[in-house]
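Numbering of the sequence shown is given in this note's numbering, commencing with residue 1 and proceeding in unit increments. We put the CB at the ideal spot given by N, CA and C, even for glycine. What follows is one structure encoded as structure tokens, with my remarks underneath.
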Amino acid sequence: MRLDLASTVIASQDLPWRATRFPGVEFKLLYEDKATGLFTGLFKWAPGAELPYHEHAELEQTFILEGSLEDHEGEIFPGMYAARPAGSRHIARSPNGCLNISFFLKPNLFFSEEGEARPFER
Numbered sequence: 001m002r003l004d005l006a007s008t009v010i011a012s013q014d015l016p017w018r019a020t021r022f023p024g025v026e027f028k029l030l031y032e033d034k035a036t037g038l039f040t041g042l043f044k045w046a047p048g049a050e051l052p053y054h055e056h057a058e059l060e061q062t063f064i065l066e067g068s069l070e071d072h073e074g075e076i077f078p079g080m081y082a083a084r085p086a087g088s089r090h091i092a093r094s095p096n097g098c099l100n101i102s103f104f105l106k107p108n109l110f111f112s113e114e115g116e117a118r119p120f121e122r
């Protein structure tokens with residue numbers, strides 16, 4: 001068997017939650033390809049947590065497991081899926097907390113008050 005073709009299986013319950021630079025938002029890294037920016041993460045949001053204004057550098061896909069997320073387009077709940085195209089921008093909030101899995105082709109870009117774009121840091 002070729003090891004480079006073996007499946008990657010992760011017991012996510014054994015992974016630590018990692019803090020982000022955004023209060024109340026933590027994640028577990030499920031998969032990452034540093035060469036391309038591809039990233040899959042399990043995200044946990046505290047009630048009232050918010051991701052500031054950001055741009056999706058490439059397609060982002062999100063599936064809600066528990067709670068909800070909202071932005072200017074509305075709120076998504078457990079069992080719902082959202083695909084956000086490259087170039088789309090928004091502020092994401094979780095009014096009551098959330099657990100979601102998200103798939104990124106490239107990290108999101110977050111803007112400072114001076115307008116400088118910084119990628120999401122893992």
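Of the listed residues the options, nearest to residue i (C-alpha basis)
i: Phe-22; options: Gln-13, Ser-12, Tyr-81 and Phe-43; result: Phe-43
i: Thr-8; options: Ala-19, Tyr-31 and Trp-17; result: Tyr-31
i: Phe-110; options: Pro-16, Gly-74 and His-54; result: His-54
i: Pro-78; options: Ala-92, Ala-11, Leu-51 and Gly-97; result: Gly-97
i: Glu-66; options: Ala-35, Ile-101 and Thr-36; result: Ile-101
i: Met-80; options: Ala-92, Asp-33, Phe-63 and Arg-18; result: Phe-63
Inter-residue spacing [alpha-carbon to alpha-carbon] between residue i and residue j
i: Val-25; j: Glu-70; result: 14 angstroms
i: Pro-107; j: Ser-94; result: 20 angstroms
i: Glu-60; j: Ala-82; result: 8 angstroms
i: Glu-75; j: Leu-5; result: 39 angstroms
i: Pro-85; j: Glu-58; result: 6 angstroms
i: Phe-27; j: Ile-91; result: 18 angstroms
i: Leu-105; j: His-72; result: 23 angstroms
i: Arg-68; j: Pro-16; result: Per the sequence shown, residue 68 should be read as Ser rather than Arg. Their Cα atoms are separated by approximately 22 angstroms.
i: Gly-87; j: Asp-14; result: 34 angstroms
Extent of the continuous beta strand (DSSP E) run through residue i
i: Asp-71; result: 69-71
i: Phe-43; result: 38-45
i: Asp-33; result: 25-33
i: Leu-59; result: Premise fails: Leu-59 is in no beta strand (DSSP E) and is neither H nor E.
i: Tyr-89; result: The amino acid at residue 89 is misidentified as Tyr; the sequence shows Arg. Unbroken beta strand (DSSP E) run through Arg-89: 89-94.
i: Ile-101; result: 98-104
i: Phe-110; result: 109-111
i: Ile-10; result: Element bounds for Ile-10: n/a, residue is neither H nor E.
Beta-carbon contacts of residue i that lie in its chain and below 8 angstroms, excluding the five residues immediately before and after
i: Arg-89; result: Tyr-53, His-54, Glu-55 and His-56
i: Ser-12; result: Lys-28, Leu-30 and Leu-42
Own chain residues within Cβ distance below 7 angstroms of residue i, not counting five before or after
i: Ala-46; result: Gly-24 and Gly-97
i: Ala-19; result: Glu-26
Beta carbon of residue i nearer than 8 angstroms to that of residue j
i: Phe-103; j: Thr-36; result: no
Sequence-distant residues of its chain with Cβ nearer than 6 angstroms to residue i (five each side left out)
i: Glu-50; result: Arg-93
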